[in-house]
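In my numbering, the protein residues as written are 105 to 189.
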């Protein structure tokens with residue numbers, strides 16, 4: 105009955121603790137959220153007016169064949185991810 109089910113749940117819980125499942129899961133979650141925070145921070149740069157203006161200017165250059173799209177993207181990325189001096 106219910107006592108048997110509860111016993112199985114407790115056995116599973118004990119096994120997961122012994123195997124380090126909870127610690128491993130917590131570590132994986134922490135890593136996920138670390139990467140997600142970085143991703144969101146980088147994406148938020150796209151909302152900056154100065155970045156938007158520079159992207160627009162570079163997009164026009166791409167449209168006019170003055171610069172390759174990959175070079176334009178690298179130019180923005182290099183500028184805004186450069187280490188401060």
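Glycine is no exception: its CB is placed at the ideal position from the N, C-alpha and C atoms.
When the distance is taken between beta carbons, is residue 146 closer than 9 angstroms to residue 185?
By 1-based counting over the chain shown, the position of residue 185 is 81. By 1-based counting over the chain shown, the position of residue 146 is 42. In contact: residue 185 and residue 146 (Cβ atoms closer than 9 angstroms).
Whole runs of the alpha helix (DSSP H) within the stretch 107 to 181, excluding any shorter than 4 residues:
Runs found: 125 to 148 and 153 to 167.
State the Cα-Cα distance for the pair residue 169 and residue 159, rounded to the nearest angstrom.
Counting from one through the chain shown, the residue named residue 169 turns up at place 65. Counting from one through the chain shown, the residue named residue 159 turns up at place 55. If I take the Cα positions, the gap works out to 15 angstroms.
Quick one: what's got a C-beta closer than 8 angstroms to residue 155's C-beta in the same chain, skipping five residues either side?
Residue numbering aside, residue 155 sits at position 51 when the chain shown is read from its first letter. Apart from the 5 residues on each side of it in sequence, residue 155 sits with its Cβ closer than 8 angstroms to the Cβ of 149, 180 and 184 in its chain, given in chain order.
Do you know offhand how far residue 172's Cα is from residue 165's?
To locate residue 172, count along the chain shown from 1; it is residue 68. To locate residue 165, count along the chain shown from 1; it is residue 61. Distance from the CA of residue 172 to the CA of residue 165, rounded to the nearest whole angstrom, comes to 8 angstroms.
Quick one: is residue 176 buried, meaning 16 or more other Cβ sit within 10 Å of its Cβ, or exposed?
Walking along the chain shown from the start, residue 176 turns up at place 72. So residue 176 counts as buried.
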